[in-house]
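Written below as structure tokens is the structure these notes are about.
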Amino acid sequence: MLRRLVLPLLFAVVAPAHAERVRDLGAFQGVRSNQLTGYGVVVGLDGTGDDNLEYLTQAMRGTAGRLGVQLPPGVSPGLKNAAAVMITAQLPAFAKPGQKIDVTVSAIGKAKSLRGGALVMTPLYGADGQIYAMSQGNLAVGGLGVSGRDGSKLTVNVPTVGRIPEGASVERAVATGFDRDELLRWNLYQADFLTAARVRDAVNARFGPVAEVEDGVTLAIRMPAEANARASMLAAIEMIQVQPAETPAKVIVNSRTGTVVINSAVRLSPAAISHGKLTVRIDEKPSVSQPAPLSRGETRQVESSAIEAEEKGSHLISMKGGASLSKVVDALNLLGVGPSDLVEILQALKEAGALKAEMVVL
1 MLRRLVLPLL FAVVAPAHAE RVRDLGAFQG VRSNQLTGYG VVVGLDGTGD
51 DNLEYLTQAM RGTAGRLGVQ LPPGVSPGLK NAAAVMITAQ LPAFAKPGQK
101 IDVTVSAIGK AKSLRGGALV MTPLYGADGQ IYAMSQGNLA VGGLGVSGRD
151 GSKLTVNVPT VGRIPEGASV ERAVATGFDR DELLRWNLYQ ADFLTAARVR
201 DAVNARFGPV AEVEDGVTLA IRMPAEANAR ASMLAAIEMI QVQPAETPAK
251 VIVNSRTGTV VINSAVRLSP AAISHGKLTV RIDEKPSVSQ PAPLSRGETR
301 QVESSAIEAE EKGSHLISMK GGASLSKVVD ALNLLGVGPS DLVEILQALK
351 EAGALKAEMV VL
């Protein structure tokens, strides 16, 4: 006997195609943030630091040495008030020396909490091994961790991760080529040849034959050499309105929560489903829509479909309308189909060729 479950059903309905700004469809190549990392030491902790770890001892010796303090051989500094940390940050596009960026500081040893600590000056490196920023400052930690002598502990959120707002100063800018390259490349967020061609046509209609499609993602756009003209052209291109191609039919299913996301492009061919005690029937009956005389309307074929779902011992549910997957899932919901059964039915429809869409199971 199937348990009656109310399955959360979320429909991602694709509205009729409308124009969107170029800046919402893609971005110019090179306009992106860059990841920075660094290894440093947080000091000033109230006995919640690392436990005499070798790598922290070496880090403390290095830090003390840079400050002109030489520790005698064999002497290990007290480490309960210090912690080895990893610093991460995002370097925004076009960031210039002197600008401030936020940093995240995370403990990598046995530190219990970074609350109340201060990060000692630490260089932040890019993927090329070059220093792009210097970080230092007091940590803002949202978590809290305390422990008693009997071994009891209380932890709120994560006390071993903190942030330093504007805790790093940019020391080096990332070269993008925007000021010297004759050709700039613009990339779609989602590959689509039709959308790429429409963007090309819109750009060329505004500026002449300056854009070419390289593939389903990239357009090469010829730019003027003068800096102000280049900036004005980039700004104008981003504001051009383009009608993107229709979204491909897709079904996304989360079998753990029973969530189903369907776009309006999904359609079903005639099919009959029998799943355990459950039976679903889909029948298409095309008809012709004839407009009134002199109404300037067009004669069109209309898909009229009947969908029925039945479970032994339950009431018969009948729906009329288009053979869309959303109506089938509605029928299954009313019959209390479990999440795993719903996924199996959709997969079976896909294998039978009745579900005309890409299916993604999370």
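Residue numbering for the sequence shown follows our numbering, starting at 1 and increasing by one per position. Yeah, the Cβ is synthetic: ideal placement off N, Cα and C, and Gly gets one too. Predicted model only: the values in this text are computed from it and were never measured.
Own chain, CB closer than 8 Å to residue i, minus 5 neighbours either side, in chain order
i       : result
Ala-173 : Phe-94, Ala-95, Lys-96 and Pro-97
Met-233 : Phe-207, Met-223 and Pro-224
Glu-20  : Gln-241, Val-242, Gln-243 and Pro-244
Arg-23  : Glu-238 and Met-239
His-18  : Gln-243
Gly-353 : Ser-269
Val-14  : Legend: pLDDT at Val-14 = 40, less than 50; position of this residue unreliable, no value from coordinates given.
Own chain residues within Cβ distance below 7 Å of residue i, not counting five before or after
i       : result
Val-203 : Val-210, Ala-211, Ile-221, Ile-237 and Ile-240
Gly-216 : Ala-191, Asp-192, Phe-193 and Ala-196
Leu-346 : Val-251, Val-253, Leu-355 and Met-359
Ile-108 : Ala-84, Val-85 and Met-86
Gly-116 : Gly-44, Leu-45 and Asp-46
Gly-126 : Asn-34, Leu-36 and Tyr-132
Ala-271 : Ile-282, Leu-349, Ala-352 and Ala-354
Lys-80  : Gly-47 and Gly-49
Alpha carbon of residue i to alpha carbon of residue j, nearest angstrom
i       : j       : result
Val-103 : Ile-131 : 15 Å
Gly-49  : Gly-30  : 40 Å
Asn-263 : Ala-175 : 41 Å
Ala-348 : Asp-341 : 10 Å
Ala-82  : Arg-32  : 35 Å
Asn-363 : Val-43  : Residue 363 lies beyond the residue range present for the chain, which begins at 1 and ends at 362; the question has no answer from this structure.
Glu-351 : Gly-258 : 20 Å
Val-261 : Asp-330 : 13 Å
Leu-25  : Val-41  : 42 Å
Gly-162 : Gln-136 : 13 Å
Asn-138 : Val-105 : 10 Å
Leu-114 : Thr-88  : 15 Å
Ala-249 : Arg-281 : 22 Å
Glu-246 : Ala-265 : 8 Å
Ala-118 : Ala-205 : 56 Å
Gly-129 : Val-199 : 37 Å
Pro-159 : Asn-228 : 48 Å
Met-134 : Ala-235 : 32 Å
Ile-164 : Ala-140 : 6 Å
6 Å CB neighbourhood of residue i in its chain, flanking five on each side removed
i       : result
Arg-267 : Lys-356
Pro-92  : Ser-33
Gly-142 : Asn-157
Leu-362 : Asn-254
Asp-51  : Lys-110
Glu-166 : Lys-100
Asp-201 : none
Candidates the options, of which the one nearest residue i by Cα
i       : options                               : result
Tyr-39  : Ala-231, Gly-177, Leu-124 and Asn-254 : Leu-124
Ala-197 : Pro-165, Val-242, Ala-235 and Glu-182 : Val-242
Thr-218 : Trp-186, Glu-246, Ile-164 and Arg-32  : Trp-186
Tyr-189 : Phe-28, Glu-246 and Leu-183           : Phe-28
Ala-168 : Val-120, Asp-192, Ala-205 and Phe-193 : Val-120
Gly-47  : Val-105, Lys-110 and Ser-106          : Lys-110
Arg-180 : Glu-226, Asp-201, Ala-205 and Gly-137 : Glu-226
Thr-37  : Lys-100, Thr-122, Arg-115 and Gly-26  : Thr-122
Gln-90  : Ser-113, Gln-35 and Ser-135           : Gln-35
Leu-183 : Glu-166, Ala-205, Gly-162 and Val-213 : Val-213
Glu-171 : Ile-101, Leu-114 and Ala-235          : Ile-101
Phe-178 : Arg-230, Thr-88 and Ala-235           : Arg-230
8 Å contact criterion, which residue i and residue j should meet: CB distance rounded
i       : j       : result
Val-343 : Ser-255 : 5 Å
Met-86  : Val-251 : That pair is no contact at about 40 Å.
CB contact check: residue i to chain D, cutoff 7 Å
i       : result
Asn-228 : As a matter of chain content, chain D is missing from the structure shown, which is built from one protein chain.
Where in the region 110-146 do unbroken runs of the beta strand (DSSP E), each at least 3 residues long, occur, reported from the N-terminal end onward? 118-125 and 131-138
Completely contained beta strand (DSSP E) runs for the region 150-208, where each covers 3 or more residues: 153-156, 161-170 and 183-188
Mind listing, in chain order, the continuous alpha helix (DSSP H) runs of no fewer than 4 residues lying wholly within the region 18-55? 22-25
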